[in-house]
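Q: Let me begin by handing over the structure; questions about it come next.
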Amino acid sequence: MNKKTDLNEEGPITKIIDDVAEGINDAAPTYQTEEELPKYSNGKEAVRYLLWGLLSVIVNFSLFFLLYHTIHLNYQLANIIAWFFAVQTAFWVDRIIVFHHKSATAIREMLAFYGTRVLTYLIESATLWVGISIIGMGGTGAKVVGQLLAIIGNYILSKFFIFKNKR
């Protein structure tokens, strides 16, 4: 009945974690010269931001819906929990896929990313409060309006402040 496992034994979860860590570590070098900077058009970058950004929007809406409508948590508490997980998803997607950003300062960038996202979170929270508590609209409608405002602000802040490739 008592089955002991060897902690050094490599299981499927350990392999996945190692593969993800290796992929993140591959993004570590910084650009030393202007010639090394990748050449991307702003239009393609914006399209990538919108398409891949849907992933964090899905995380945000799914958790908000689950917590607010299904579990009946307070809408502000549901929103902050959903926001946290969506921001974590957005950071890695934006850093690696959207802006193709490479640097050795991922933790510092993550802190700055959260700092800018707090600003757009406050805008979204205010929109939810006005929409739900003052106007009396449904939580989903207010969430959509708040997300649209947040998406616009997040793109601008990410592109020009967080993931800008220093020349």
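Using this note's numbering, the first residue of the sequence shown is number 932, and each one after it goes up by one. We put the CB at the ideal spot given by N, CA and C, even for glycine. Nothing here was measured: the structure is a model prediction, and the numbers come from that model.
For A1057 and L1050, I'd like the C-alpha separation in whole angstroms.
A: 11 Å
Q: If you draw a straight line from the alpha carbon of L985 to that of G1072, how long is it in whole angstroms?
A: 17 Å
Q: Under DSSP, the alpha helix (DSSP H) around F1016 begins and ends at which residues?
A: Unbroken alpha helix (DSSP H) run through F1016: Y1006 to W1023.
Q: Quick check on DSSP: helix, strand or coil for K1090?
A: helix
Q: Ignore the nearest five residues each way along the sequence and tell me which others in I1038's own chain have a CB closer than 6 Å to its CB.
A: none
Q: In terms of alpha-carbon separation, which member of N1085, H1031 and Y1006 lies closest to G1046?
A: N1085
Q: Relative to the C-alpha of F1094, which residue among V988, Y999, D1025 and Q1078 is closest?
A: Minimum Cα distance to F1094 is reached at D1025.
Q: Look at the alpha carbon of L997 and the alpha carbon of E1055, and state the distance between them as a whole number of angstroms.
A: One C-alpha to the other measures close to 18 Å.
Q: In whole angstroms, what separates the C-alpha of I1028 from that of F1091?
A: 16 Å
Q: For K975 and L981, I'd like the C-alpha separation in whole angstroms.
A: 10 Å
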